Each structure stands twice: as C-alpha cells, then as structure tokens.
DNA sequence: CTTACGAGG
DNA sequence: CCTCTTAAG
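In structure tokens:
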C-alpha cells in the first residue's frame with residue numbers, strides 16, 4: 065500500500081506543472097493534498113477529477129484559501145470533512161477517508177509565520193487537534209495522519225536549526241507539542257525508517273532566494289501512523305524529481 | 065520630428081515584453097505613455113529611466129492604477145502634470161511637456177466599460193477636458209495631444225460598429241463629443257493622412273478571444289494636432305510588429 | 001518569491 | 001483575458 069501526502073500550494077498551479085500526469089503513474093493507493101486553494105468546480109476544470117480516482121475535498125469558506133483533499137483508488141466507506149472545531153473546520157483543514165480497518169487523514173495545520181495573530185491561531189489549532197488525535201488513536205482502525213504540520217520536529221529536520229529557534233515552525237512550544245503527540249501512540253513514518261539520518265528529508269523550501277537549489281529546507285510534511293502500521297513500513301521517499309509546489313510529496317509504502 | 069503615443073497597460077509588463085529595447089531604436093523625439101501603472105521608483109527598477117531620455121511622469125494617487133508619462137530626447141522647458149481638474153488630476157491622467165513653440169500632451173481618458181459609475185466619470189472628464197482643450201487651442205504654441213481617448217470616432221474606426229453602438233467607447237454621446245473637439249481647431253493626424261481608408265488603423269484589441277489575430281480592433285489612440293502641425297504631417301503608422309500591451313503604439317512623423 | 005482574489009480595464 | 005492590488009504563506 066502506497067500513501068502520498070503533498071502540499072500543492074494551489075492545485076491549479078500544481079496541475080499546470082504536471083501534477084495530474086504524475087499522479088497517474090505514481091503508484092499510490094491514496095494521495096492526501098493540502099493547500100488545494102480551489103473549489104471542487106475549479107479542481108474539475110483543470111483535470112482534477114481523473115477517471116479511476118475518488119476525490120474527497122474540504123474547501124475553506126474563504127475562496128482561494130487553504131483546503132484539503134484525498135484522492136483514493138478505492139472508494140471510501142465514509143468521509144468526514146471536519147474534526148469538530150468550528151474555527152478551523154471553516155478553514156478547510158481536515159478531511160478523513162474511512163476504509164476497512166484503515167483511516168487516512170489529510171490535515172493542513174495553520175502557518176504562524178505571517179504574524180502573532182496567526183501564531184495564536186496555530187496554538188489554538190494544536191490544542192484542539194491534540195484532543196482529536198487522542199480520539200483517533202483510541203479507535204479500532206489503523207490511521208495514517210497525512211499532512212503539512214508546519215512544524216519541524218528536531219534539529220535534524222531543518223537546515224538552519226540555530227537561526228530558526230525563534231521562528232514559527234521551529235518554536236520550542238511547537239516542537240514540544242509534536243513530541244507529546246508522538247508519545248501518545250503515533251509514529252513518524254519517515255523518521256522511523258531513517259532514525260539516524262543526517263539532517264535531511266526536507267519537504268519544504270522557501271520560494272525566496274535559492275533555497276531549493278541549496279537544499280535549505282524544512283521537514284514539515286509528515287505521515288504519522290498508528291503502531292500497527294508502523295510495523296508494516298517498508299519505504300519512505302521525498303519526491304524531488306519534479307517541482308509542483310514549494311513542498312515536495314512524501315511517499316510512504318506499507319506492506320500489504 | 066517623430067512622436068509616438070502608446071497605452072502600455074502596465075509599464076513593468078511592457079518592459080518585460082521588450083518595450084525599452086524597442087524605445088531605444090524607435091526613432092522618436094517624444095513618446096507619450098498611458099496606463100503606466102507604476103510609481104517613478106518602480107519605473108526606474110525595470111530600466112525605465114534609460115540614458116538619453118528625459119522622463120516626465122504623473123502617477124495616480126491609487127497605486128497600480130492609471131498614470132501617464134512623457135519620454136523626450138530634449139529636455140522640456142516646463143512640465144505641467146495636471147489640467148486643473150481635481151478629480152482626474154488625482155487619477156494621473158494628464159502630463160504636458162512644453163518645448164520651444166510646441167507642447168506635447170499625454171492624456172489618458174477614463175474607460176467607462178466597467179459600469180455606469182465609471183461611464184458617468186468619463187462624461188465628467190469629457191466636460192472638463194473640452195474646456196482645457198479650448199484653452200490649449202487658443203494658445204500660441206503648436207500642440208500634439210497624444211493619448212488613449214477610449215473613444216472610437218466613426219464606423220471606420222471600429223471593427224464591429226453595429227454591435228458596439230451601445231457599448232462604452234462607441235456611444236453616440238462620446239463620438240459626438242469627439243466630433244465637437246475636431247470642429248474646434250484640432251486635427252486627427254492619422255485620419256488626415258488616410259482619410260478614405262477602409263476600416264482599420266486600429267490601436268486596441270481586446271485580450272479576450274482572438275481579437276488581435278482576427279483584427280477585431282478599435283481606433284481609440286490618437287494624436288490630435290493644431291493646424292500648424294497638421295500641415296507638416298508626413299506619415300502615420302500603427303506599430304504591430306511587437307506586442308507590448310493590448311494597445312499598439314501610434315507613430316506619427318512631422319516635417320521639421 | 002508565489003499563489004490565490006478582486007478591481008479595473 | 002490581462003495587469004495590477006492585497007493577503008497569505
């Protein structure tokens with residue numbers, strides 16, 4: 065089973081860069097997207113409803129903002145497009161597809177980098193989301209939590225750790241929150257497979273300067289999985305051969 | 065003497081399309097621009113203050129909106145960047161460069177096509193501007209009134225005359241106003257040289273559809289000149305070899 | 001720097 | 001349809 069997560073920073077922009085051509089041959093069973101920034105109708109207009117895929121989407125109320133989606137080869141038994149948090153459900157940050165014994169989530173955590181107001185919103189999200197993750201972890205189904213978490217966990221998850229200690233996305237409180245989550249039954253799929261890696265596995269590079277060319281990146285896109293799935297991990301890869309967005313897709317394979 | 069008028073629809077955009085390369089070799093003594101849509105500093109950033117040219121500019125108060133400029137090989141004796149009409153002077157629609165016995169004006173008349181409010185503004189402009197044109201005509205200097213007038217004068221000045229009789233830019237009241245102006249001492253340079261021409265000489269084509277490819281255009285950019293200059297007209301050309309904008313430059317030569 | 005939106009044309 | 005704005009990232 066192959067699951068991919070990707071922040072596309074505008075699915076219409078990603079489509080222009082060949083995202084849907086790549087999707088066709090990527091071998092995934094489920095693909096989770098964040099920052100779709102388009103309505104279902106707009107997604108359809110750019111070839112975003114390809115045959116052979118089921119598409120489950122949650123838009124933000126504000127047009128062109130945020131938005132998540134799940135593309136699945138198999139139809140979901142059930143789809144839930146919120147986590148019962150009015151403020152952030154209105155921002156289109158959560159969609160969950162339920163299959164037989166498996167739930168796949170596409171989540172887009174707020175960025176706090178635009179200022180203190182959005183950082184405060186990010187902390188509100190983290191509080192609410194932690195409660196929801198606890199509920200998911202206590203359920204019977206295995207779960208893959210895909211998403212752009214907008215948090216780099218440890219110094220090996222970011223290029224310039226010292227310079228970013230006071231920047232949103234690498235603040236001690238954010239990193240501590242993620243450590244807490246990982247202590248409550250969730251496993252970071254990429255890090256489980258490559259625990260002793262040198263700094264790397266980055267999934268995001270700023271558009272400013274030559275960040276991608278110089279690999280000045282952050283690992284902020286994750287698949288967190290329940291322990292049953294962690295035991296089935298076989299491979300993880302950050303796909304950098306094509307650029308669809310300022311983020312790179314994270315591809316994770318699980319033994320069937 | 066060669067004088068050129070061009071609505072550049074964003075001078076920064078036109079610069080990306082090679083406008084300043086073309087300017088260097090265009091042979092003009094004076095070039096009048098409309099819809100500059102950039103501040104003097106922004107113009108400078110994109111190479112808009114080339115050596116060998118004097119640049120006289122009037123910005124709108126609203127950033128990125130309207131704005132006119134005059135590029136001149138010779139320095140002006142005097143520059144006036146308004147026509148004493150508070151409403152439209154604030155919109156950056158008039159700049160006049162005064163030379164020995166000659167005044168060159170770059171004027172950008174309002175478009176009314178976005179709705180009744182802007183059409184009403186256009187009529188207010190026409191009323192005020194007519195008074196100003198009368199003053200200019202009564203002066204001692206010869207005058208070249210360059211600009212985007214946002215009015216096609218007669219059926220041979222527009223591709224689809226019947227279909228546009230009720231559209232802003234070809235309304236009877238607008239066309240009548242222009243006829244009035246031409247009756248008070250101003251000569252339409254292009255039409256003076258090519259009076260019996262078939263429909264054509266268009267200077268603007270919609271960006272929608274294939275208007276340029278199909279030559280579905282409007283002649284709305286003019287040089288209106290005082291009678292002394294009308295006698296010196298030698299040549300007029302709409303420059304279509306390169307596209308800097310949805311408008312084409314109008315090049316007019318006057319005997320020295 | 002890039003993607004969206006909305007105004008204006 | 002295109003070029004600007006601003007907000008957001």
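Chains as they are written, first to last, in the working numbering: chain R, 65 to 320; chain C, 65 to 320. All C-beta atoms, glycine included, are put in the ideal place defined by N, C-alpha and C. Only a predicted model underlies this, so the values are computations on that prediction, with no experimental measurement involved.
Asked	Found
C-alpha distance - residue 177 of chain C paired with residue 185 of chain C, whole-angstrom precision	11 angstroms
Residue burial classification, residue 11 of chain R (beta-carbon count within 10 angstroms, cutoff 16)	There is simply no residue 11 of chain R to check, as chain R begins at 65 and stops at 320 in what is shown.
Those residues which DSSP pairs with residue 69 of chain C across a bridge	C:96, C:314
Cα-Cα separation, residue 233 of chain C to residue 120 of chain R	47 angstroms
The segment 186-204 of chain C / the segment 89-98 of chain C touching (three or more Cβ pairs under 8 angstroms)	no
Per-residue DSSP class, three states only, for residue 252 of chain R	strand
Closest residue to residue 143 of chain C among C:123, C:238, C:169, C:153 (Cα-Cα distance)	C:169
6 angstroms CB neighbourhood of residue 280 of chain C in its chain, flanking five on each side removed	223
Neighbour-count burial assignment, residue 271 of chain C, 16 or more Cβ in a 10 Å radius	exposed
Opposing strand residues paired with residue 90 of chain C [DSSP bridges]	Looking at the DSSP assignment, residue 90 of chain C forms no beta bridge with any residue, so it has no partner.
Cβ contact check for the segment 105-123 of chain R and the segment 66-76 of chain C: 3 or more pairs under 8 angstroms	no
Terminal residues of the beta strand (DSSP E) in which residue 209 of chain R lies	206-212
Residue 286 of chain C - partner residues in DSSP beta bridges	C:211
Validate contact between the segment 283-303 of chain R and the segment 249-259 of chain R using beta carbons, cut 8 angstroms, 3 pairs	yes
N- and C-terminal bounds of the alpha helix (DSSP H) containing residue 182 of chain R	180-202
Between the CA atoms of residue 250 of chain R and residue 289 of chain R - distance to the nearest angstrom	5 angstroms
Top-ranked residue by Cα proximity to residue 216 of chain R, from R:139, R:183, R:231	R:231
Inter-residue Cα distance where the pair is residue 235 of chain C and residue 157 of chain C	21 angstroms
When C:80, C:314, C:94 are compared against residue 163 of chain C, the one with the closest alpha-carbon	C:94
For residue 137 of chain R, the first and last residue of its enclosing beta strand (DSSP E)	Note, residue 137 of chain R: premise wrong, no beta strand (DSSP E); not H, not E.
8 angstroms Cβ cutoff met for residue 206 of chain C and residue 292 of chain C	yes
Run of the beta strand (DSSP E) containing residue 300 of chain R, from where it starts to where it stops	297-302
Per DSSP, cross-strand counterpart(s) of residue 269 of chain R	R:281
Per DSSP, the bridge partner or partners of residue 121 of chain R	R:133
Rounded straight-line distance, which links the Cα of residue 313 of chain C to that of residue 147 of chain C	24 angstroms
Sequence-distant residues of the same chain with beta carbon closer than 7 angstroms to residue 228 of chain C, five excluded per side	222, 234
First and last residue of the uninterrupted beta strand (DSSP E) at residue 110 of chain C	It is not in any beta strand (DSSP E) - residue 110 of chain C carries neither H nor E in the DSSP assignment.
Integer-rounded CB distance, given that residue 99 of chain C should sit under 8 angstroms from residue 172 of chain C	6 angstroms
As assigned by DSSP and simplified to three states, the class of residue 275 of chain R	coil
Rounded C-alpha distance that separates residue 182 of chain R from residue 315 of chain C	53 angstroms
Alpha-carbon spacing of residue 247 of chain C relative to residue 198 of chain C, whole angstroms	11 angstroms
Residue from C:79, C:210, C:310 with nearest C-alpha to residue 285 of chain C	C:210
Residue 161 of chain R vs residue 136 of chain R beta-carbon contact at 8 angstroms	yes
Proximal residues to residue 152 of chain R (C-beta, below 6 angstroms), its chain only, five neighbours per side dropped	189
Residue 283 of chain R vs residue 266 of chain R beta-carbon contact at 8 angstroms	yes
Residue 275 of chain R versus residue 263 of chain R: straight-line alpha-carbon distance, rounded	15 angstroms
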